[in-house]
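One structure is given below, encoded as structure tokens.
Residue numbers (full-length UniProt numbering): 1 to 180.
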């Protein structure tokens, strides 16, 4: 895989997440009755960063959760033909019932991950609303899903890959476009 271009550096990621936090607060008239749910793996640290930014802005701590969608994937059989699926762990301590759940992920592509995440949340409780926040929207939807909050829209070809690296996992913050 050959790196083509850097899309976001650390300051740009920070600005994008600050903007997302402000938009969440504006759309929901504050942070009451919200639940941020990060989709594993990179959606989790992004949700924590958004939680911290909301705390800085409104001085409230929005509860967060971590969601593993492995068993909800519609391509599970194809992905796991040679091995058993590895369930990381779902940890949503706050009941989503009646809450405005904001799913948080790094890249929105086909929409299948988001669909799986919605199914997983619905198995836990019944939110009053579900919203979606993503760092990057790269297009190419296969399902009628759109993000409510987007850090950056980055149209891509299907041959290109978006790589998100976060300091919590990868020891640096960077979003890059790669040629496959």
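The beta carbon of each residue, even a glycine, is placed where N, CA and C say it ideally should be.
How is residue i classed by DSSP in three states: helix, strand or coil?
{"i": "residue 65", "result": "strand"}
{"i": "residue 52", "result": "helix"}
{"i": "residue 26", "result": "helix"}
{"i": "residue 163", "result": "strand"}
{"i": "residue 8", "result": "strand"}
{"i": "residue 157", "result": "coil"}
{"i": "residue 174", "result": "strand"}
{"i": "residue 58", "result": "helix"}
{"i": "residue 32", "result": "coil"}
Does the beta-carbon distance from residue i to residue j come in below 8 Å?
{"i": "residue 21", "j": "residue 54", "result": "yes"}
{"i": "residue 121", "j": "residue 96", "result": "yes"}
{"i": "residue 132", "j": "residue 94", "result": "no"}
{"i": "residue 175", "j": "residue 46", "result": "no"}
{"i": "residue 134", "j": "residue 173", "result": "no"}
{"i": "residue 145", "j": "residue 111", "result": "yes"}
{"i": "residue 169", "j": "residue 48", "result": "no"}
Rounded to whole angstroms, what's the CA-CA distance from residue i to residue j? Just pull it up for me.
{"i": "residue 116", "j": "residue 158", "result": "21 Å"}
{"i": "residue 18", "j": "residue 50", "result": "7 Å"}
{"i": "residue 103", "j": "residue 7", "result": "23 Å"}
{"i": "residue 69", "j": "residue 57", "result": "30 Å"}
{"i": "residue 179", "j": "residue 161", "result": "6 Å"}
{"i": "residue 89", "j": "residue 66", "result": "8 Å"}
{"i": "residue 29", "j": "residue 138", "result": "28 Å"}
{"i": "residue 171", "j": "residue 10", "result": "11 Å"}
{"i": "residue 15", "j": "residue 71", "result": "34 Å"}
{"i": "residue 32", "j": "residue 141", "result": "31 Å"}
{"i": "residue 39", "j": "residue 155", "result": "22 Å"}
{"i": "residue 182", "j": "residue 148", "result": "Here the chain comprises residues numbered 1 to 180, so residue 182 is not present and cannot be evaluated."}
{"i": "residue 26", "j": "residue 75", "result": "36 Å"}
{"i": "residue 198", "j": "residue 164", "result": "In the structure as shown, the chain starts at 1 and stops at 180, and residue 198 therefore has no counterpart that could be examined."}
{"i": "residue 130", "j": "residue 63", "result": "15 Å"}
{"i": "residue 127", "j": "residue 92", "result": "13 Å"}
{"i": "residue 167", "j": "residue 109", "result": "22 Å"}
So if DSSP puts residue i in a beta bridge, which residue, or which two residues, is it bridged to?
{"i": "residue 72", "result": "In the DSSP output, where bridge partners are listed per residue, residue 72 has none listed."}
{"i": "residue 91", "result": "66"}
{"i": "residue 103", "result": "37, 132"}
{"i": "residue 150", "result": "134"}
{"i": "residue 108", "result": "137"}
{"i": "residue 179", "result": "2, 160"}
Determine whether the Cβ of residue i lies closer than 8 Å to any Cβ atom of chain D.
{"i": "residue 149", "result": "Any reference to chain D falls outside this structure, which holds one protein chain only."}
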